[in-house]
Amino acid sequence: MSTGSWLLAVALVVFGYLMGSISPSVFLGKIFKGLDVRKQGSGNAGTTNAFRVLGIRLGLAVLIADFLKGVIPVVLARYLSAPLVTVIVAFACVTGHNYSIFLRGRGGKGVATGAGAAVGMMPLPMAFLIAIFAILVFTTRIVAIASITCTILLPVMAVVFHQPLPYIVVCCLMSIVVLWAHRANMLRLWERRERRVVFPWNKRIQTPVETGPAAAIEADGGVGDPRPADPGAAGS
């Protein structure tokens, strides 16, 4: 690679990390609700907690923004640089989202941003994976099950669809980062106390639940639940 190519590669990676580090949930929460999502609900700066704390409209805005944080840098890298740079940019986006430089190393869980990055690399396999995610959410009503399952399946889909080796490797790395962020969810699933989604057609139940469209997104819950963050559930 020439000096210009190296500089472009570094710029793309830094751009990916900084894009990932921007937190729409924190920004929109403070602007429109006067709330810090990191101190409400689960205490997580991801999309699901945005639905839980900020409501449906702002939650959708956060979902779209988190998704685009992964898509835009990766697509730019695909068209402007080499495949190796593209996968590093994808990983940088997820790392930035989970360990934001603007949030002192905190962030979300990387599902929406990771999905966006993966769509930028391999849209067809991701179409199947997103369909699987939706089916699992609607059948189990537990977002974490869908997120963890699809995260595990991400590198599998890359192999099945004969993606380049760098794509397979970065899918493995992104899966590790996202699964690590879900370790508290795994514990709650094991203890059978993970929150469930309540759709409009479901009757409300007495156990802790999640609400509405949070089902369709990053499994980082009930809409409009501005309770102080539970330290024991900070990973949700």
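In our numbering, the protein residues as written are 23 to 258.
For every residue, glycine included, the Cβ atom is placed at its ideal position computed from N, Cα and C.
Thinking just about the alpha-carbon of each residue, which of LEU151, VAL200, ALA114 is nearest to the one in MET41?
ALA114
Rounded straight-line distance, which links the Cα of VAL32 to that of GLY81:
Distance between the alpha carbons of GLY81 and VAL32 is about 32 angstroms.
Who are the Cβ neighbours of VAL192 in its own chain at under 6 angstroms, not counting the five residues just before and after it?
VAL109, ALA112, PHE113
Report, in whole angstroms, the separation of the C-beta atoms of THR173 and VAL141, which I expect to be a contact under 8 angstroms.
No, THR173 and VAL141 are not in contact; Cβ-Cβ is about 14 angstroms, not under 8 angstroms.
Local conformation of PHE54 per DSSP, three classes:
helix
When you compare each of TYR121, ILE94, VAL181 to ASN66 by their alpha carbons, which one comes out closest?
TYR121
Can you tell which of MET179, PHE54, LEU125 has its C-alpha closest to the C-alpha of ALA149?
Looking at MET179, PHE54, LEU125, the one whose alpha-carbon comes closest to that of ALA149 is MET179.
Are there 16 or more other CB atoms within 10 angstroms of the CB of VAL182, so buried, or fewer, so exposed?
exposed
Would you kindly work out how many angstroms separate the C-alpha atoms of LYS91 and ALA134, rounded to a whole number?
9 angstroms
For a test of the three-state rule: what should DSSP assign to ARG128, helix, strand or coil?
In the displayed model, ARG128 falls within coil according to three-state DSSP, outside both helix and strand.
Report the start-end ranges of each alpha helix (DSSP H) in the region 84–133 that is 4 residues or longer and not cut off at the edges.
105–120
Across the region 70–80 and the region 89–104, are there enough close Cβ pairs to call them in contact, namely three or more that are closer than 8 angstroms?
no
Taking all protein chains shown into account, decide if GLY130 is buried (16 or more other Cβ within 10 angstroms of its Cβ) or exposed.
Under this definition GLY130 is a buried residue.
DSSP on SER45, reduced to helix/strand/coil?
coil
Within 10 angstroms of the Cβ of PHE160, are there 16 or more other Cβ atoms? Answer buried if so, exposed if not.
exposed
What's the gap between the Cα of SER24 and the Cα of GLY136?
30 angstroms
Looking at C-alpha atoms only, which residue of ILE167, VAL116, GLY51, PRO147 is the closest neighbour of VAL35?
VAL116
Of the residues ALA99, ILE53, ARG60, THR70, the one placed nearest LEU30, counting alpha carbons only
When ALA99, ILE53, ARG60, THR70 are compared, the shortest CA-CA separation from LEU30 is found for ALA99.
Looking at GLY138: is its Cβ nearer than 8 angstroms to the Cβ of VAL93?
yes
In this structure, does DSSP put VAL200 in helix, strand or coil?
helix
Pick helix, strand or coil for PRO147, following the three-state DSSP scheme.
helix
Supposed contact pair LEU146 and LEU175 - C-beta distance, whole angstroms, cut 8 angstroms:
So it is not a contact: roughly 14 angstroms between Cβ atoms.
Would you check if the distance between the CB atom of TYR39 and the CB atom of GLY118 is smaller than 8 angstroms?
yes
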